[in-house]
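Position one of the sequence shown corresponds to residue 1 (full-length UniProt numbering), numbered consecutively onward. Where a beta carbon is used, it is the ideal one built from N, C-alpha and C, also for glycine. Just so you know, these numbers come straight off a predicted model, no measurement behind them.
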Amino acid sequence: MAASKPATERLSRRFPKFKIKTAIVGDSLIRHVFNHFDPSNTSAPGFVSYGGAMFEDVLATLEYLPTGVETLVLHVGTVDIARRGSAAAVAELKRTVERIRQRRPEMKTILLSLPLPRAPNRRRGGANRNFVRWFNAEAQRYAREVRQLCRGGVLGPRIFYIDHGFLTLPPWRFLAADGLHASFEGVAVLAQHFKERLRYHRPRWASAPRLTEETDNHDQASPPAGLPPCPPCPPCLPCPQRPPRPTPSRAPPVPERRYMTRLATKAASQPSREAEN
């Protein structure tokens, strides 16, 4: 049965000027992330966000993406955790990844963006504190399970995760007053994390140890074959802001005072002895 398309009033689509090979799909938390990407860049991703999106809405949302997308960033799961808990969200994630592999086989790489924490709603005086405490605990369990699935290769090849630092994010800075959506600073942090992970796929967050055939010049100790050798580094120059320290000249060792006194006494008594003789 074909998935029904989501309501257009909750849908937001942003695409660059060129044909995209990377797409970021998720809920309303990524709605404004596109502002931190240059649409004139050939490697800029496309964005499709759907307010309140759940894992069951992902397949319908992917219909808005053109063919040829090879890398998919998926930021979904917040609503699933809030409604069903972490265990049900993980089970739904597994089914969603399997369906994506079946219907969009050209998407060879999938990046799973882990959910952000929530904070009490300041507009309502923090009346939902108990729910926020429960949600954050469930979100941590979900993130822990997804990390293990990706590292063990359970979800399949080329499945990665993006960790936004759940325990290190201060909610009052990265979340809006409602405690759910990202603030201006939070949107910037999300965009920066997406940029870093899309540029560098490192084995430390790969789905399996064997998925390390991708290498880049940043990990090579020497330049690739065929490139000219690097020019020698210029000699170090003294800092103009700090004058050079003068080298102290070492004076010759001075004899002890007792030894000098004994020599003077001996020299003074020498003539008197000669006179006596």
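query = Which stretch, first to last residue, makes up the beta strand (DSSP E) that contains Val-97?
reply = It is not in any beta strand (DSSP E) - Val-97 instead sits in the alpha helix (DSSP H) that spans 86-103.
As assigned by DSSP and simplified to three states, the class of Gly-152 = coil
task = Could you check the C-alpha separation between Glu-56 and Arg-31 for me, to the nearest Å?
result = 19 Å
message = Between the alpha carbons of Pro-157 and Arg-104, how many angstroms are there, rounded?
response = 15 Å
ask   = Out of curiosity, what's the CA-to-CA distance linking Asp-178 and Phe-37?
value = 26 Å
ask   = Would you call the CB atoms of Val-146 and Leu-65 closer than 9 Å?
value = no
message = Suppose you measure from the CA of Val-90 to the CA of Tyr-142; what does that come to, to the nearest Å?
response = 7 Å
Outcome for Gly-52 when other beta-carbon atoms lying within 10 angstroms are tallied against a minimum of 16 = exposed
task = Leaving aside the five residues before and after Ala-82 along the sequence, list all residues of the same chain whose C-beta is less than 7 Å from its C-beta, in chain order.
result = Phe-135
query = Alpha carbon to alpha carbon, how far is Asn-128 from Leu-175?
reply = 15 Å
query = In whole angstroms, what separates the C-alpha of Leu-29 from that of Val-76?
reply = 9 Å
Buried versus exposed, by CB contacts within 10 Å (16 or more), Gly-46 = buried
Identified DSSP bridge partners for Val-25 = Val-48, Leu-74
Residue range of the unbroken beta strand (DSSP E) whose run includes Arg-13 = 11-14
Beta strand (DSSP E) segment containing Thr-109, residue limits = 109-113
message = Less than 9 Å between the beta carbons of Arg-197 and Leu-111, yes or no?
response = yes
query = Taking the alpha helix (DSSP H) that Phe-174 falls in, what are its first and last residues?
reply = 171-174
message = Among Leu-59, Ala-137, Phe-194, whose alpha-carbon lies nearest the alpha-carbon of Asp-163?
response = Phe-194
key: Whole-Å CB distance - Glu-70 paired with Glu-106, under 8 Å assumed   = 6 Å
ask   = Based on Cα-Cα distance, which residue from Asp-80, Ser-43, Phe-18, Leu-114 lies nearest to Arg-199?
value = Ser-43
request  = Have a look at Val-73 and Val-25 and give me their C-alpha separation to the nearest angstrom.
outcome  = 6 Å
query = In three-state DSSP terms, what is Tyr-161?
reply = strand
query = What residues in its chain sit with their C-beta under 8 Å from that of Gln-102, if we drop five residues either side in the sequence?
reply = none
ask   = Quick one: what's got a C-beta closer than 7 Å to Thr-96's C-beta in the same chain, skipping five residues either side?
value = Phe-55, Val-58
query = Looking only at C-alpha atoms, which of Gly-125, Pro-120, Ile-159 sits nearest to Leu-114?
reply = Ile-159
ask   = Based on the DSSP secondary-structure assignment, which residues constitute the bridge partners of Ala-182?
value = Leu-175
inquiry  = Are the CB atoms of Gly-85 and Ile-20 within a distance shorter than 9 Å?
reply    = no
ask   = Just the Cα atoms here: how many angstroms apart are Pro-171 and Val-189?
value = 12 Å
ask   = Does the distance from the CB of Pro-16 to the CB of Ser-40 come in under 9 Å?
value = yes
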